[in-house]
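Trainee: Here's a structure for you.
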Amino acid sequence: SFRGLIAWQKAIEMVDTAYKLTREFPREELFGLRSQMRRSAVSVPSNIAEGYGRRRLAEYLRFLDIARGSLCELQTQCIISHRQGFLDCREVELLEDIMDQVGKLLYRLTESLNKKSPR
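My numbering applies: residue 8 is where the sequence shown begins, and numbers increase by one.
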């Protein structure tokens, strides 16, 4: 099951962290940056799981690519949140550390699947 994938597990941890850190965002960001960050974070493990459930390896790889794109979105939104004063340096470091781990795990998973792919 996709639940056994370390990349998925770490991405779920990232979602928990993103939700926790955005809880105190200003009210005017309820449907703005707060919502965008949460959706980007949720998209990462969701796409890992959806790709895992696909029958073709090429589709799985495509969904991992989408997950990587969502991760980049979240990284950008984290920077913006810090620049706007919504996240402090410690919070940014916490989220960036988890995002870096997820990125490396996604890369390794993709490389592993690419080795199985017929050329």
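All C-beta atoms in this analysis are idealised placements derived from N, C-alpha and C, irrespective of residue type, glycine included. Predicted model only: the values in this text are computed from it and were never measured.
Can you give the beta carbon distance from L28 to V51, rounded, assuming they're within the 8 Å contact cut?
Mentor: Not quite, the Cβ-Cβ distance comes to about 15 Å (not below 8 Å), so this is no contact.
Trainee: Under the three-state reduction of DSSP, which class applies to L40: helix, strand or coil?
Mentor: Helix, per DSSP.
Trainee: Alpha carbons only, please: which of G76, C85 and Q108 is nearest the one belonging to Q16?
Mentor: Among G76, C85 and Q108, the Cα nearest to that of Q16 is on Q108.
Trainee: What is the DSSP secondary structure of E35, reduced to helix, strand or coil?
Mentor: Helix, per DSSP.
Trainee: Classify Q91: buried if its beta carbon has 16 or more other beta carbons within 10 angstroms, exposed otherwise.
Mentor: Looking at its Cβ environment, which holds fewer than 16 other Cβ atoms inside 10 Å, Q91 is exposed.
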